[in-house]
Amino acid sequence: MADKLIIFDTTLRDGEQSPGASMTKEEKIRIARQLERLRVDVIEAGFAAASNGDFEAIRLIAQSIKDSTVCSLARANDKDISRAAEALKGANSGRIHMFIATSALHMEKKLRMTPDQVFEQTKLAVRFARQFTNDIEFSPEDGSRSDPDFLCRVLEAAIAEGANTINIPDTVGYGVPADFGQMIKSLRERIPNSDKAIWSVHCHNDLGLAVANSLAGVMIGGARQIECTINGLGERAGNTSLEEVVMAVRTRKDYFNLEVGIDTTQIVPASKLVSQITGFVVQPNKAVVGANAFAHASGIHQDGVLKARSTYEIMRAEDVGWTTNKIVLGKLSGRNAFKQRLQELGVKMESEAEINEAFARFKELADRKSEIYDEDILAIVSEEENTHENEYYRFVSLSQKSETGERPSARIVFSEAGQERTSQGEGNGPVDATLNAIESTVNSGAELVLYSVNAITNGTQAQGEVTARLALGGRIVNGVGSDPDIIVASAKAYLAALNKLHSKSEKVNPQYSTGANGPSNGMTV
Ligand code: KIV
Ligand code: ZN
Numbered sequence: 001m002a003d004k005l006i007i008f009d010t011t012l013r014d015g016e017q018s019p020g021a022s023m024t025k026e027e028k029i030r031i032a033r034q035l036e037r038l039r040v041d042v043i044e045a046g047f048a049a050a051s052n053g054d055f056e057a058i059r060l061i062a063q064s065i066k067d068s069t070v071c072s073l074a075r076a077n078d079k080d081i082s083r084a085a086e087a088l089k090g091a092n093s094g095r096i097h098m099f100i101a102t103s104a105l106h107m108e109k110k111l112r113m114t115p116d117q118v119f120e121q122t123k124l125a126v127r128f129a130r131q132f133t134n135d136i137e138f139s140p141e142d143g144s145r146s147d148p149d150f151l152c153r154v155l156e157a158a159i160a161e162g163a164n165t166i167n168i169p170d171t172v173g174y175g176v177p178a179d180f181g182q183m184i185k186s187l188r189e190r191i192p193n194s195d196k197a198i199w200s201v202h203c204h205n206d207l208g209l210a211v212a213n214s215l216a217g218v219m220i221g222g223a224r225q226i227e228c229t230i231n232g233l234g235e236r237a238g239n240t241s242l243e244e245v246v247m248a249v250r251t252r253k254d255y256f257n258l259e260v261g262i263d264t265t266q267i268v269p270a271s272k273l274v275s276q277i278t279g280f281v282v283q284p285n286k287a288v289v290g291a292n293a294f295a296h297a298s299g300i301h302q303d304g305v306l307k308a309r310s311t312y313e314i315m316r317a318e319d320v321g322w323t324t325n326k327i328v329l330g331k332l333s334g335r336n337a338f339k340q341r342l343q344e345l346g347v348k349m350e351s352e353a354e355i356n357e358a359f360a361r362f363k364e365l366a367d368r369k370s371e372i373y374d375e376d377i378l379a380i381v382s383e384e385e386n387t388h389e390n391e392y393y394r395f396v397s398l399s400q401k402s403e404t405g406e407r408p409s410a411r412i413v414f415s416e417a418g419q420e421r422t423s424q425g426e427g428n429g430p431v432d433a434t435l436n437a438i439e440s441t442v443n444s445g446a447e448l449v450l451y452s453v454n455a456i457t458n459g460t461q462a463q464g465e466v467t468a469r470l471a472l473g474g475r476i477v478n479g480v481g482s483d484p485d486i487i488v489a490s491a492k493a494y495l496a497a498l499n500k501l502h503s504k505s506e507k508v509n510p511q512y513s514t515g516a517n518g519p520s521n522g523m524t525v
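Here the sequence shown stands for residues 1 to 525, numbered as in the numbering used here.
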C-alpha cells in the first residue's frame, strides 16, 4: 500500500511572516476554514507567544476546526510552550511545534548559546511539552546548515523525550535537491530511534528550489510530511507551495507512489482567498494556480488540445478547482437562490441578518452588472466580513472628474464613527485624487506601500478588486474593496485598510514585534 504524505500547511504562520501579509484573526479563521475544506492534515495557525492577536486567532481556529490538526509554533522554552498549549486547549487534535536553532552560526550569533546548552534546552522543552500533548513536532532551525553530528545528537534526544515529528528546515533556502534529500536520508539512518518519528521537511524558496528540495526530502530522504503554504507565501522568497507539491505527487503517482488526502478541487479557491486577503497577486504563469496555467495560446497547442486534451495537458483544470466563469445568478435571482449558491461555495454566514445584508449588496450589484459570477459573490462576502470586523469608516458616495489636460479632482462622502464627512482632493490621477481627498479629512499619516487592481472576472464589465496596503508605526495592514467602478473600489479598499489601522485589537506584525518575543532576544523565526 502507498504511504501517506502528510500535508502541513503553514500559510497562517510562516506565510504570514511575508512582509505585508499580516492577517486579522477573522481573516485567519476564513483561511483556516478553507484549509479544512482542502483537507490539509495539519494547519499551523500561528505563533501563540508572538502576540495576543496570534494567540486569539489560534484559540478560535482550534475551537472551530474539527477535521485538521491545529498547531501552534513555539520557541523551545516553557513560556512559549505553555502559551501554545493554552491556545490549543479547545482543539479536537492539537500539535505543539517547537524549534531552536542548531547551526553554529545561529547558536553563536543569534542565540548566544553553546551547543551543549541548545542540546539541554531541547530535552527540557520537549519534556515540558509532553504534559500538554502527545503530538509534538521539533524543528532544528537552520537545520540544512547545521553540523550533521550535532544534529544527530539533538534529534535523537528530542525523539527520546517524546517528539514524534522531526522537521528539518532549510530556513534560508540554501539546500539543493539531491544534497538535501541525502541529508534527510543520512539523519534517518544514523539516528537509532529515528523510526519513532515521522520525518518532515520545511523548505524556503530563496533559490527557487523549495518544491524540488521538499520532493527530494520525500523521495531520497524518506520524509513523510511536507510543510508548505498556499501560493508559496512566506518569509522572503516564500515557502514550498502546497499546490505544486500536491499536484506533483498526484500527477506523478507512478513515480512517488504516495497518497495525499487533499481535495484538489479546493486548491484554486484557497489560492484566490489567500491572494485576496494578503494582497499578494498570483503571477499569471504560476504553476497550477496562475491564470495562464491552463491557457493554450499557440495554434499548435490549441489544435492538439482540441483533438486530445492529453496532448498538452497533464492535469485537468477542473481537478484543481478552476471553473469556467459561469454566470450563476442575475437580477431576477431571489434570496433562496443566493443562499443556496453561498452554501455550494462553502461560505458559512453566521446569521440570517448577515445573509440579508449580503443579499442586499448582491441586488445592488445585479442592478449595475447584468451577469453575476461566483467570483462576484465571493467578493461581496469578503466585503461583508470586512465590514463587520471593524467599521469605523464607511464608504457612502464618490464623484470625480478627470479630463485630458486638467488635474483630476474627487469629492468623497464617507462616514467616520457614524458621522458623515465630505472631503475633496486633487491628484495625479482619479485614484490619487480620491485617496488624497480621504486623507485630507482623516490625516492618518499612513504610508501607502502597495496599491493593486485586479479584474475579478473577464471583460470590461467585471468588478475591479483593489488592494491598498498601509504602513503606520510598524504595522502593515491590507484593505480590499471591490466595485465595477475601480475608483470606488480604491476608495473602499483604502477605507478598509484605515479601519484595520484604527482597530486597536489588530496585532503588530510578527516581523516588527519587539520586546520579549521580538528580535531583541534573537529568537524570532
Ligand atoms: O524556516 C524555519 O526554520 C521555520 C521553523 C520555525 C520551522 O520556519
Ligand atoms: Zn520557515
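By construction, the Cβ of each residue, glycine as well, lies at the ideal position given by its N, Cα and C atoms.
Since the model is a prediction, treat every value here as computed from it, not as a measurement.
Per-residue burial, Lys272 [other beta carbons within 10 Å of its own, 16 or more giving buried] = Counting from one through the sequence shown, the residue named residue 272 turns up at place 272. By the neighbour-count rule (16 or more Cβ atoms within 10 Å), Lys272 is buried.
Spell out a yes or no on whether the segment 235-254 and the segment 189-199 are touching, meaning 3 or more CB-CB pairs, one atom from each, closer than 8 Å.
-> Cβ pair count under 8 Å is below three, so no.
Contiguous alpha helix (DSSP H) assignments of at least 4 residues, all confined to the segment 205-261 = Taking only runs of at least 4 residues, the alpha helix (DSSP H) segments lying wholly in the segment 205-261 are 210-219, 242-251, 253-256.
Could you tell me if Ile300 is buried or exposed, where buried requires 16 or more neighbouring beta carbons within 10 angstroms of its beta carbon?
-> For the purposes of this step, residue 300 is taken as the residue at position 300 of the sequence shown. With fewer than 16 other Cβ atoms within 10 Å, it is exposed.
Arg75 - partner residues in DSSP beta bridges | Position 75 of the sequence shown, counting from 1, holds the residue named residue 75. Among the bridge pairs identified by DSSP, Arg75 is matched with Phe99.
Which partner residues of Phe8 appear in the DSSP bridge assignment?
-> Numbered from 1 along the sequence shown, position 8 holds the residue referred to as residue 8. Looking at the DSSP assignment, Phe8 forms a beta bridge with Val42, Glu227.
Tell me, to the nearest whole angstrom, how far the beta carbon of Gly162 is from that of Val201; I am working on the premise that it is less than 8 Å.
-> As a position in the sequence shown, residue 162 is number 162, starting the count at 1. As a position in the sequence shown, residue 201 is number 201, starting the count at 1. 21 Å between Cβ atoms; not a contact.
Could you tell me if Asp3 is buried or exposed, where buried requires 16 or more neighbouring beta carbons within 10 angstroms of its beta carbon?
-> Taking the first residue of the sequence shown as position 1, residue 3 is located at position 3. Asp3 is exposed by the Cβ-count criterion.
As assigned by DSSP and simplified to three states, the class of Glu447 | Stepping through the sequence shown from its first residue, residue 447 is reached at position 447. The three-state secondary structure of Glu447, taken from DSSP, is strand.
Around the Cβ of Ser399, are there at least 16 other Cβ atoms within 10 angstroms (buried) or fewer (exposed)?
-> To locate residue 399, count along the sequence shown from 1; it is residue 399. The residue is exposed, with fewer than 16 neighbouring Cβ atoms inside 10 Å.
Got a sec? Which residues, its chain only, sit under 8 Å from Asn436 by beta carbon, not counting five neighbours each side?
-> Along the sequence shown, one-based indexing puts residue 436 at 436. Cβ neighbours of Asn436 beyond the five flanking positions: Ala410, Gly425, Glu426, Gly427.
Taking all protein chains shown into account, decide if Gln276 is buried (16 or more other Cβ within 10 angstroms of its Cβ) or exposed.
-> As a first step, residue 276 is located in the sequence shown; it is residue number 276 there, counting from the start. Counting other Cβ atoms within 10 Å of its Cβ, Gln276 reaches 16 or more and is therefore classed as buried.
Which residue or residues does DSSP assign as beta-bridge partners of Cys203?
-> Here residue 203 refers to the residue found at position 203 of the sequence shown. In the DSSP assignment, Cys203 forms a beta bridge with Asp170.
Could you tell me whether any non-hydrogen atom of ligand 2 is closer than 6 Å to the CB of Asp41?
-> The count along the sequence shown starts at 1 and reaches residue 41 at position 41. Checking the 6 Å criterion, the Cβ of Asp41 is out of range of every heavy atom belonging to ligand 2.
Rounded to whole angstroms, what's the CA-CA distance from Pro430 to Val466? Just pull it up for me.
-> Position 430 of the sequence shown holds residue 430. Position 466 of the sequence shown holds residue 466. C-alpha of Pro430 to C-alpha of Val466: approximately 14 Å in a straight line.
Quick one, are the C-beta atoms of Ile65 and Glu36 less than 7 Å apart?
-> Start at 1 with the first residue of the sequence shown, and residue 65 comes out as number 65. Start at 1 with the first residue of the sequence shown, and residue 36 comes out as number 36. The criterion of a C-beta distance shorter than 7 Å is satisfied by Ile65 and Glu36.
Distance, Ala417 Cα to Glu244 Cα | Here residue 244 is taken as the residue at index 244 of the sequence shown, counted from 1. Here residue 417 is taken as the residue at index 417 of the sequence shown, counted from 1. So the alpha carbons of these two residues sit roughly 45 Å apart.
Below 8 Å, can you find three or more Cβ-Cβ pairs linking the segment 10-17 to the segment 223-241?
-> Yes, they touch.
DSSP beta-bridge partners for Arg469?
-> Taking the sequence shown and counting its residues from 1, the one referred to as residue 469 is at position 469. DSSP lists Leu450, Asn478 as the bridge partner or partners of Arg469.
Taking only runs of the beta strand (DSSP E) that begin and end inside the segment 367-405, which ones reach a length of at least 3 residues, in chain order?
-> Considered as a whole, the segment 367-405 harbours 393-401 as its complete beta strand (DSSP E) runs of no fewer than 3 residues, in chain order.
CB-CB length for Leu5 against Val260, believed under 8 Å | In the sequence shown, the residue the question calls residue 5 occupies position 5. In the sequence shown, the residue the question calls residue 260 occupies position 260. Indeed, because the Cβ distance is near 5 Å, the residues count as touching under 8 Å.
Measure the CB-CB distance between Arg83 and Ala49 and report whether it falls below 7 Å.
-> Here residue 83 is taken as the residue at index 83 of the sequence shown, counted from 1. Here residue 49 is taken as the residue at index 49 of the sequence shown, counted from 1. Yes, the pair counts as a contact, with Cβ atoms nearer than the cut-off.
Own chain partners of Leu495 with C-beta closer than 8 Å, once the 5 adjacent residues on each side are dropped | Taking the sequence shown and counting its residues from 1, the one referred to as residue 495 is at position 495. Within the same chain, Leu495 has close Cβ partners Tyr393, Arg394, Phe395, Phe414, Ile438, Gly479, Gly481.
Find out if the Cβ-Cβ distance for the pair Thr10, Glu189 is shorter than 7 Å.
-> Here residue 10 refers to the residue found at position 10 of the sequence shown. Here residue 189 refers to the residue found at position 189 of the sequence shown. With contacts defined by Cβ atoms closer than 7 Å, Thr10 and Glu189 do not form a contacting pair.
Could you tell me the distance, in whole angstroms, from the CA atom of Arg39 to the CA atom of Gly290?
-> On the sequence shown, position 39 is the one that residue 39 refers to. On the sequence shown, position 290 is the one that residue 290 refers to. Gly290 has its alpha-carbon roughly 21 Å from the corresponding atom of Arg39.
For Ile267 and Gly321, believed in contact at Cβ under 8 Å, the rounded distance = Residue 321 sits at position 321 when you count from the first residue of the sequence shown. Residue 267 sits at position 267 when you count from the first residue of the sequence shown. Yes, they are in contact, since the Cβ atoms of Gly321 and Ile267 sit about 5 Å apart, within 8 Å.
Assign Gly181 to one of two classes, buried (16 or more other C-beta atoms within 10 Å of its C-beta) or exposed (fewer than that).
-> The residue given as residue 181 occupies position 181 in the sequence shown. The residue in question, Gly181, is buried, as its Cβ has 16 or more Cβ neighbours within 10 Å.
To which residues of the same chain is Met558 closer than 7 Å at the C-beta, ignoring the five residues directly before and after it?
-> With the chain covering 1 to 525 only, the question about residue 558 has no answer from this structure.
Residue from Glu318, Gly222, Asn443 whose Cα sits closest to the Cα of Asn257 | Along the sequence shown, read from residue 1 onward, the residue named residue 257 stands at position 257. Residue Gly222 is the option with its Cα nearest to Asn257.
Along the alpha helix (DSSP H) that carries Ala287, what are the first and last residues, could you check?
-> Residue numbering aside, residue 287 sits at position 287 when the sequence shown is read from its first letter. Counting along the chain, Ala287 falls outside any alpha helix (DSSP H), and DSSP gives it neither H nor E.
Which residues DSSP lists as bridging Ala410, in chain order | One-based indexing of the sequence shown puts residue 410 at position 410. Ala410 pairs with Gln400, Gly425.
Kindly give me the distance between the Cβ atoms of Ser22 and Val477, rounded to whole angstroms, as I take these residues to be in contact under 8 Å.
-> Within the sequence shown, the letter at position 22 stands for residue 22. Within the sequence shown, the letter at position 477 stands for residue 477. That belief holds up - the Cβ atoms of Ser22 and Val477 are roughly 7 Å apart, short of 8 Å.
Less than 7 Å separating the beta-carbons of Ser68 and Ser103?
-> By 1-based counting over the sequence shown, the position of residue 68 is 68. By 1-based counting over the sequence shown, the position of residue 103 is 103. No, the pair does not count as a contact, with Cβ atoms beyond the cut-off.
CA-CA distance, Ser452 and Ala489?
-> For the purposes of this step, residue 452 is taken as residue 452 along the sequence shown, with counting starting at 1. For the purposes of this step, residue 489 is taken as residue 489 along the sequence shown, with counting starting at 1. About 11 Å.
Find out if the Cβ-Cβ distance for the pair Ser402, Ile412 is shorter than 7 Å.
-> Position 402 of the sequence shown holds residue 402. Position 412 of the sequence shown holds residue 412. In this structure, Ile412 does not lie closer than 7 Å to Ser402 by Cβ.
Run the proximity test for Thr102: is its beta-carbon closer than 6 Å to any non-hydrogen atom belonging to ligand 1?
-> Counting from one through the sequence shown, the residue named residue 102 turns up at place 102. Annotation for Thr102 indicates a beta carbon at 6 Å or more from all heavy atoms of ligand 1.
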